[in-house]
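Notes for the one structure printed next.
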Ligand code: SF4
């Protein structure tokens with residue numbers, strides 16, 4: 004393909020056919036404002052992968068409903084949006100080999116982040132920002148293998164924060180997020196907000212993370 008034809012089709016001469024043809028299970032791709040944690044308020048393109056190796060009781064994602072998409076299709080959809088920041092989420096994104104997407108997006112200047120439950124080690128250099136949200140408050144037997152990253156974000160359900168004493172030192176930012184369940188009452192969720200806020204006030208360096216996108220009524 005000529006350079007001009009490549010540009011028109013969105014394909015770079017450096018893209019490999021095998022990267023472009025790599026298949027992924029995709030629940031949805033959407034453009035939204037990050038509602039949680041340190042990048043709250045910044046627009047991103049979210050790529051939500053199907054499948055997860057855990058089943059948290061508060062999980063609000065239907066990660067079993069997905070379509071098979073080739074990386075080239077994912078690329079085409081993401082490039083429809085003006086944002087150059089991507090969040091790989093799920094489900095559990097690290098169940099996938101993300102190197103083909105890494106190569107394709109990095110060739111186009113994207114910044115790559117993930118939100119992962121931490122049970123799968125993340126290869127060095129794959130991502131620009133790693134947010135780990137461990138679920139061992141629910142699954143005491145689950146081993147957290149990714150022990151380093153940028154952001155540690157824990158859903159608070161009353162667990163002893165000493166649980167994270169070892170893990171904390173591997174991360175620069177520490178967030179507690181109230182457990183929010185759509186199916187529960189305003190009062191039930193309100194109590195969790197109040198409890199998490201009071202725990203954060205007593206427990207530096209933890210900070211409060213709120214799912215502000217839920218208040219805005221967006222994904
Ligand atoms: S790890 Fe995340 S995606 Fe998986 S079940 Fe728990 S909340 Fe849902």
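In our numbering, the protein residues as written are 4 to 222.
All residues carry an ideal CB built from backbone N, CA and C; glycine is no exception.
Where the alpha helix (DSSP H) containing residue i begins and where it ends
i: residue 193; result: 189-205
i: residue 103; result: 102-109
i: residue 79; result: 74-81
i: residue 23; result: 20-24
Neighbour-count burial assignment, residue i, 16 or more Cβ in a 10 Å radius
i: residue 26; result: exposed
i: residue 97; result: buried
i: residue 185; result: exposed
i: residue 51; result: buried
i: residue 28; result: buried
i: residue 191; result: exposed
i: residue 188; result: exposed
i: residue 212; result: buried
i: residue 208; result: exposed
i: residue 203; result: buried
i: residue 44; result: exposed
i: residue 152; result: buried
i: residue 39; result: buried
i: residue 149; result: buried
i: residue 81; result: buried
CA nearest to the CA of residue i, picked from the options
i: residue 174; options: 109, 92, 135; result: 135
i: residue 19; options: 114, 108, 165; result: 108
i: residue 83; options: 38, 34, 100, 105; result: 34
i: residue 114; options: 208, 85, 73; result: 85
i: residue 79; options: 15, 168, 167; result: 15
i: residue 142; options: 166, 131, 81, 49; result: 166
i: residue 155; options: 145, 179, 87; result: 179
i: residue 126; options: 48, 99, 146; result: 99
i: residue 129; options: 151, 148, 106, 74; result: 106
i: residue 140; options: 47, 161, 210; result: 161
i: residue 49; options: 41, 36, 59; result: 36
i: residue 199; options: 159, 81, 63, 31; result: 159
i: residue 137; options: 193, 76, 58; result: 58
i: residue 104; options: 205, 74, 62, 194; result: 74
i: residue 47; options: 181, 132, 65; result: 132
i: residue 124; options: 111, 201, 112, 101; result: 101
First and last residue of the uninterrupted beta strand (DSSP E) at residue i
i: residue 91; result: 88-92
i: residue 138; result: Run containing residue 138: none; DSSP gives neither H nor E here.
i: residue 153; result: 152-159
i: residue 171; result: No beta strand (DSSP E) contains residue 171, which is instead part of the alpha helix (DSSP H) from 168-171.
i: residue 115; result: 114-119
i: residue 49; result: 46-52
i: residue 179; result: 174-181
8 Å Cβ cutoff, residue i in contact with chain B
i: residue 169; result: Looking at the structure shown, chain B is missing, and only one protein chain is on hand.
Residues passing the C-beta test against the ligand SF4 heavy atoms, cut-off 6 Å: 55, 57, 58, 59, 62, 64, 66, 93, 94, 95, 120, 138
Segment contact flag, the region 36-53 with the region 66-84, C-beta cutoff 8 Å, min 3 pairs: yes
Inter-stretch contact at 8 Å, needing at least 3 Cβ pairs: the region 110-118 / the region 87-97: yes
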